[in-house]
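Per the numbering used here, the very first residue in the sequence shown carries number 526; after that it's consecutive.
For glycine and all other residues, C-beta sits at the position ideal for the given N, C-alpha and C.
A quick note: this is a predicted structure, and the numbers were derived from the prediction, not measured.
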Amino acid sequence: MEFNKVIRGAKREVNDEQTVYAILDAGFLCHISFQHEGQTMMIPTAYGRKEDCIYIHGSNKNFMFGQLLNGQTACIAVTHLDGLVLAKSLFHTSVNYRSVILFGKATLVSDENERIEGMQLITENIIEGRWNEVGLGTAAQIEATMVLKIKIEKASAKIRNEGPAGDESILDNIWSGHIPLKLKAESPIQDKKFGTNLPVTTSVNNFMKKYGD
Ligand SMILES: Cc1cc2nc3c(=O)[nH]c(=O)nc-3n(C[C@H](O)[C@H](O)[C@H](O)COP(=O)(O)OP(=O)(O)OC[C@H]3O[C@@H](n4cnc5c(N)ncnc54)[C@H](O)[C@@H]3O)c2cc1C
């Protein structure tokens with residue numbers, strides 16, 4: 526993997542493979558930017574990672590997938606918002622975050638084992654353990670699902686993780702500091718089609734332990 530040089534705010538650049546992977550593995554939502562007839566487009570989608578490859582899946586009829594497979598290089602962003610940074614002036618007001626921007630070309634995963642593995646990586650990235658709790662779908666549904674692999678050619682990681690900076694000379698009495706933010710899960714709501722008293726599965730339980738109150 527090559528690294529893109531961060532130019533502005535370069536002190537927040539953390540360009541090493543392990544940091545890039547840690548930021549990718551901390552989420553499952555990416556935004557993929559691609560070109561179609563000279564128009565830049567962007568679509569949010571779920572992903573999973575194995576080594577230096579990102580896996581995405583969708584319908585055979587997925588428009589973006591069709592574009593990604595024409596040989597172009599896609600640009601993918603993953604961002605975690607970790608906090609609001611409220612400085613003594615709006616100029617120094619900022620956010621804490623971890624983000625990765627990466628570039629790579631998509632290929633169609635046609636090997637059946639890798640296709641299923643790609644789907645598993647994505648599912649497990651969304652909610653660990655769910656893969657073993659429910660079936661994948663009918664043969665026709667699995668057949669209608671396309672899996673693409675994007676090998677990371679270039680990447681960069683940027684992290685901001687501190688309170689206000691640069692406002693040291695403003696000596697007023699206005700509160701300044703930062704507000705940490707995190708993803709919070711509310712109580713799970715059972716699908717009422719199937720009654721209301723089924724126990725939650727282990728994956729849901731574990732998810733709630735991680736992201737609930
Ligand atoms: C958190 C999240 C995870 C998702 N995960 C997946 C996934 O794993 N697999 C998958 O196939 N899809 C996923 N989607 C849906 C995905 O964003 C696309 O809507 C879908 O894949 C269809 O893509 P397409 O290129 O065929 O869209 P088309 O319907 O062909 O796009 C036509 C136009 O519709 C608009 N459009 C398309 N998608 C969106 C959108 N999400 N929001 C607003 N406008 C839109 C855009 O203007 C686009 O140019 C996810 C969406 C979100 C928000």
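Check, Outcome
"Contact set, ligand 1 heavy atom to C-beta under 6 Å", "Leu554, Met566, Ile568, Pro569, Thr570, Ala571, His582, Gly583, Ser584, Asn587, Phe588, Met589"
"Where Leu723 falls, given that 16 or more other Cβ within 10 Å makes a residue buried", "exposed"
"Proximal residues to Asn686 (C-beta, below 6 Å), its chain only, five neighbours per side dropped", "Asn621"
"Sequence-distant residues of its chain with Cβ nearer than 6 Å to Lys679 (five each side left out)", "Glu527, Asn529, Phe628"
"Where Tyr572 falls: helix, strand or coil (DSSP)", "coil"
"Element boundaries [beta strand (DSSP E), containing Met671]", "670-676"
"Exposed unless 16 or more other CB atoms sit within 10 angstroms - verdict on Ile579", "buried"
"Opposing strand residues paired with Pro705 [DSSP bridges]", "Gly608"
"Distance, Gln564 Cα to Met671 Cα", "24 Å"
"Length of the line joining the Cα atoms of Phe616 and Glu639", "49 Å"
"Proximity of Thr648 and Arg655 at Cβ, strictly below 9 Å", "yes"
"Rounded distance between the beta-carbons of Ile704 and Leu611, thought under 8 Å", "7 Å"
"Selection from Val729, Glu711, Gly591 that minimises the alpha carbon distance to Asp738", "Glu711"
"Own chain partners of Cys600 with C-beta closer than 6 Å, once the 5 adjacent residues on each side are dropped", "Ser558, Phe628"
"Neighbour-count burial assignment, Val725, 16 or more Cβ in a 10 Å radius", "exposed"
"C-beta contact flag for Leu554 and Thr544 at 9 Å", "no"
"Assigned secondary structure, Ser728 (DSSP; H/G/I helix, E/B strand, else coil)", "helix"
"Bridge partner(s) assigned by DSSP for Asn621", "Gly608"
"Residues that Arg685 bridges to, as DSSP identifies them", "Tyr622"
"Strand pairing of Ala631, partner residues [DSSP]", "Ile675"
"Delimiting residues of the alpha helix (DSSP H) encompassing Ile647", "637-651"
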